Amino acid sequence: MSETPELTPEQHALPLGFVRGEPVLERPEDLYIPPDALELILEAFSGPMDLLLYLIRRHKVEIVDLPILPITQQYMTYVDMMKELKLELAADYLVMAAMLTEIKSRLLLPKPPQVEDEEIDPRAELVRRLREYEAIREGAGHLEAQPQQERDFCVVQANSDAREYVKQLPPEVSLEDLVLAFGKVMQQAQLQEHHHIHRERLSTRARMSAILDLLTQQSRVRFSDVFDTSEGKAGVVVSFLAILELSKEALIEITQVDAFSELHISKRQDQQNMVTEHA
Amino acid sequence: MHDQQLKQVIEAALFAADEPLSVDQLKELLAAQQVSKAKIQTTLSALQQDYQNRGVQLQQVASGYRFQTRTELGSILAGLWQEKPPKYSQALLETLALIAYRQPITRGDIEEIRGVSVSSQIMKTLQERGWVKVVGQREVPGRPQLYATTAEFLDYFNVKDLAELPPIPSSENAQQATATESTTAETATDQRVH
Amino acid sequence: MHDQQLKQVIEAALFAADEPLSVDQLKELLAAQQVSKAKIQTTLSALQQDYQNRGVQLQQVASGYRFQTRTELGSILAGLWQEKPPKYSQALLETLALIAYRQPITRGDIEEIRGVSVSSQIMKTLQERGWVKVVGQREVPGRPQLYATTAEFLDYFNVKDLAELPPIPSSENAQQATATESTTAETATDQRVH
Numbered sequence: 001m002s003e004t005p006e007l008t009p010e011q012h013a014l015p016l017g018f019v020r021g022e023p024v025l026e027r028p029e030d031l032y033i034p035p036d037a038l039e040l041i042l043e044a045f046s047g048p049m050d051l052l053l054y055l056i057r058r059h060k061v062e063i064v065d066l067p068i069l070p071i072t073q074q075y076m077t078y079v080d081m082m083k084e085l086k087l088e089l090a091a092d093y094l095v096m097a098a099m100l101t102e103i104k105s106r107l108l109l110p111k112p113p114q115v116e117d118e119e120i121d122p123r124a125e126l127v128r129r130l131r132e133y134e135a136i137r138e139g140a141g142h143l144e145a146q147p148q149q150e151r152d153f154c155v156v157q158a159n160s161d162a163r164e165y166v167k168q169l170p171p172e173v174s175l176e177d178l179v180l181a182f183g184k185v186m187q188q189a190q191l192q193e194h195h196h197i198h199r200e201r202l203s204t205r206a207r208m209s210a211i212l213d214l215l216t217q218q219s220r221v222r223f224s225d226v227f228d229t230s231e232g233k234a235g236v237v238v239s240f241l242a243i244l245e246l247s248k249e250a251l252i253e254i255t256q257v258d259a260f261s262e263l264h265i266s267k268r269q270d271q272q273n274m275v276t277e278h279a
Numbered sequence: 001m002h003d004q005q006l007k008q009v010i011e012a013a014l015f016a017a018d019e020p021l022s023v024d025q026l027k028e029l030l031a032a033q034q035v036s037k038a039k040i041q042t043t044l045s046a047l048q049q050d051y052q053n054r055g056v057q058l059q060q061v062a063s064g065y066r067f068q069t070r071t072e073l074g075s076i077l078a079g080l081w082q083e084k085p086p087k088y089s090q091a092l093l094e095t096l097a098l099i100a101y102r103q104p105i106t107r108g109d110i111e112e113i114r115g116v117s118v119s120s121q122i123m124k125t126l127q128e129r130g131w132v133k134v135v136g137q138r139e140v141p142g143r144p145q146l147y148a149t150t151a152e153f154l155d156y157f158n159v160k161d162l163a164e165l166p167p168i169p170s171s172e173n174a175q176q177a178t179a180t181e182s183t184t185a186e187t188a189t190d191q192r193v194h
Numbered sequence: 001m002h003d004q005q006l007k008q009v010i011e012a013a014l015f016a017a018d019e020p021l022s023v024d025q026l027k028e029l030l031a032a033q034q035v036s037k038a039k040i041q042t043t044l045s046a047l048q049q050d051y052q053n054r055g056v057q058l059q060q061v062a063s064g065y066r067f068q069t070r071t072e073l074g075s076i077l078a079g080l081w082q083e084k085p086p087k088y089s090q091a092l093l094e095t096l097a098l099i100a101y102r103q104p105i106t107r108g109d110i111e112e113i114r115g116v117s118v119s120s121q122i123m124k125t126l127q128e129r130g131w132v133k134v135v136g137q138r139e140v141p142g143r144p145q146l147y148a149t150t151a152e153f154l155d156y157f158n159v160k161d162l163a164e165l166p167p168i169p170s171s172e173n174a175q176q177a178t179a180t181e182s183t184t185a186e187t188a189t190d191q192r193v194h
């Protein structure tokens with residue numbers, strides 16, 4: 001373990017961890033450090049790629065020139081310690097260890113003489129992954145440096161009395177909704193009564209409502225008052241039909257005191273007033 | 001800390017805080033900068049001045065200072081929280097349609113046609129909305145109330161009278177309509193239901 | 001509505017709203033006043049100018065425009081907030097960076113690049129914060145879920161789209177990949193994730 005080459009560790013701005021309140025700014029040169037402190041340091045690596053990248057940087061070489069032999073050796077030293085400490089992460093680190101060992105052994109094997117120059121460097125795949133990982137670490141750094149809500153700024157709001165102006169809006173209905181609803185109800189009813197509903201009847205029905213409404217305000221109305229001559233002949237006919245219909249439905253009474261005197265209409269008032277509701 | 005910085009901090013703090021901030025609270029926030037209360041007061045006045053004609057204003061309330069939106073803008077800003085109007089039930093729409101097209105009509109008639117009982121809540125809603133009213137009683141046992149639509153109903157649907165409501169399609173009887181009846185249809189446009 | 005009034009309304013609305021407001025949302029709020037999008041845009045620029053040197057600033061983020069405190073004041077204002085801002089672990093930031101820069105991406109891809117199995121806790125945190133969501137499944141055996149970042153992620157990190165984040169070296173995977181895949185990678189930077 002003491003074979004670890006003496007190399008200047010990289011300076012890190014942030015402490016790797018805290019040991020008894022003291023920040024640990026550098027990764028250990030000497031691997032013989034108290035296990036509890038080591039645990040903190042090892043946990044500072046976010047994974048085997050992070051550890052590997054750290055080891056390569058300590059060698060001050062480019063990723064492409066990955067010095068597989070010393071790196072594998074140093075990596076194994078860390079992993080052995082992690083195993084001793086029974087760190088949870090060890091499994092992921094072991095996968096990497098196996099990969100490193102495999103690359104190392106392939107590099108050490110004598111090359112078969114007939115192999116052409118284009119033979120793929122066994123390190124290529126690892127180099128590619130390391131580069132991608134390095135790019136992502138850079139991305140993580142950018143995110144960390146980006147202004148963050150809560151940490152660097154907060155979204156502000158002004159008080160507003162405008163909420164008091166919020167109205168409870170009544171539901172909206174379109175004419176189409178109404179027609180559809182009517183169509184549906186009529187379909188359900190399987191009517192034999194189509195003749196009640198077409199538009200010509202409607203105007204008579206509307207006039208019936210109007211006359212009844214008038215009779216709610218005045219108990220007796222002169223027959224002639226129901227007719228508005230400004231409506232023309234056709235209007236008079238509608239009113240007349242409405243009166244006949246109301247009379248037929250026994251909703252109004254038409255009375256005449258003497259022959260040839262004014263006709264009056266009133267709501268029908270008869271003994272049925274007395275009939276109780278459950279009748 | 002120079003004046004502009006101090007103003008920025010106080011301004012940001014007032015906007016960021018959930019509650020109004022008092023001069024004492026601001027002084028505490030600026031403890032490290034050792035700013036006097038008088039200085040804070042001057043800065044608050046300067047800020048009030050700055051926001052005089054803006055959409056938000058610095059207001060002094062019982063518990064301190066806070067930014068709030070200009071009162072005159074209330075009705076426009078209410079739109080920020082305005083929820084979509086709810087929807088009426090199919091039962092209500094069918095009841096309303098029956099009253100519109102078959103008025104004057106009793107609750108019993110509606111129930112007979114729809115085959116289900118009409119809830120009092122629906123009749124209450126329609127009357128509260130001002131779309132439906134009682135225009136009389138049918139002189140039969142029980143004297144049931146007769147319902148009709150109102151002028152507000154016509155106004156809401158932007159039609160002059162009931163005859164302007166879309167006709168219900170496909171009635172064979174339409175062909176049987178007499179000359180008289182089609183004449184009445186014309187006049188019907190003048191009439192208002194009260 | 002003249003210019004000063006319009007500016008007041010937009011300013012007040014942005015300050016009063018619970019969420020950032022988009023130009024479309026402002027247009028809807030001002031529907032009765034019939035203000036064009038171009039006019040709203042001009043007003044927003046004018047407001048950004050007005051607040052240039054103030055304690056709060058008008059910032060455009062993914063989901064719209066919002067007022068926020070000046071980032072330089074972060075540490076002074078920290079006194080206002082009871083809770084310390086969260087500190088994110090290196091593992092979380094790396095996972096988030098992978099999703100942000102290489103989206104859409106599967107959990108398997110993340111594990112391959114980071115060399116560590118992805119902790120469920122990290123994925124849970126990222127999804128609970130609303131920063132990451134499942135946008136589909138890759139059509140390979142097992143149909144793994146594809147993750148992407150959201151508008152909330154961009155809002156939190158103070159940018160309006162992914163292209164605004166500082167770039168990182170492009171992945172060799174993407175370069176070697178088929179035309180389809182590299183198209184996906186390109187779009188990922190331009191794309192607004194909602």
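Chains as they are written, first to last, in the UniProt record's numbering: chain A, 1 to 279; chain B, 1 to 194; chain C, 1 to 194.
Positions of the beta carbon are idealized from the N, C-alpha and C atoms, including for glycine.
Since the structure is predicted, the reported quantities are computational estimates derived from the model, not experimental observations.
By the Cβ test, the segment 101-116 of chain B is in contact with the segment 138-151 of chain B, since at least three Cβ pairs between them sit closer than 8 Å. Checking the DSSP bridge columns, you'll see N159(A) partnered with Q68(B).
The continuous alpha helix (DSSP H) containing E152(B) extends over residues A151 to Y156. The beta carbon of K133(C) sits closer than 6 Å to the beta carbons of T150 from its chain, once the five residues preceding and following it are set aside; these are given in chain order. Taking C-beta atoms under 8 Å as the contact rule, M82(A) and Y93(A) qualify, at a distance of about 6 Å. Within chain B, no C-beta atom comes nearer than 9 Å to that of F260(A); the closest sits roughly 27 Å away. Taking 9 Å as the Cβ-Cβ cut-off, the segment 155-168 of chain A approaches chain C at V155, V156, Q157, A158, N159, S160, A162 and R163, given in chain order. Residue contact check for E150(A) against chain B: no CB pair falls below 9 Å. Beyond the five residues adjoining it in sequence on each side, E152(C) comes within less than 7 Å, by CB distance, of G130 and W131 in the same chain, given in chain order. Fewer than three pairs of CB atoms, one per stretch, sit closer than 8 Å, so the segment 36-47 of chain B makes no contact with the segment 78-88 of chain C. Contact with chain C is absent for A97(A), since none of that chain's Cβ atoms lies less than 9 Å from the residue's Cβ. Residue-level contact check: S203(A) touches chain B, since one or more beta carbons of chain B fall below 9 Å from its beta carbon. Burial check for I243(A): the Cβ neighbour count within 10 Å reaches 16 or more, so the residue is buried.
With 16 or more other CB atoms across the displayed protein chains lying within 10 angstroms of its CB, L215(A) is buried.
Within the DSSP bridge table, the entry for Q137(B) names Q145(B) as partners.
Under the three-state reduction of DSSP output, S266(A) falls in the strand class.
The residues R114, in chain order, have a CB closer than 8 Å to that of E94(C) in the same chain once the five nearest residues on each side in sequence are set aside. Look at Q60(C) here: in three-state DSSP terms it is strand. When rounded, the separation of the alpha-carbon atoms in Q148(A) and N158(C) is 7 Å. By alpha-carbon distance to G141(A), the top candidate from S171(C), L98(C) and E111(C) is L98(C). The DSSP-derived three-state label of F227(A) is coil. By the Cβ rule, the segment 6-21 of chain B counts as touching the segment 53-60 of chain C, because three or more pairs are nearer than 8 Å. The three-state secondary structure of V118(B), taken from DSSP, is coil. DSSP places Q146(A) outside any alpha helix (DSSP H), giving it a letter other than H or E. A158(A) sits close to Q68(B), with the two beta carbons spaced by under 9 Å. In the three-state DSSP reduction, L21(B) falls in the strand class (E or B). Contact note: Q103(C) does not reach chain A at a C-beta cutoff of 8 Å; the least C-beta distance is about 12 Å.
Look at Q217(A) here: in three-state DSSP terms it is helix.
In this structure, the CA atom of W81(B) is about 12 Å from the CA atom of L169(A).
With respect to chain B, the C-beta atom of F227(A) has no partner C-beta closer than 9 Å.
Between L162(C) and I76(B), the gap from beta carbon to beta carbon reaches 9 Å or more. Shown here, I136(A) sits in a helix according to DSSP, grouped into three states. A residue is called buried once 16 or more other Cβ atoms fall within 10 Å of its Cβ, and R163(A), having fewer, is exposed.
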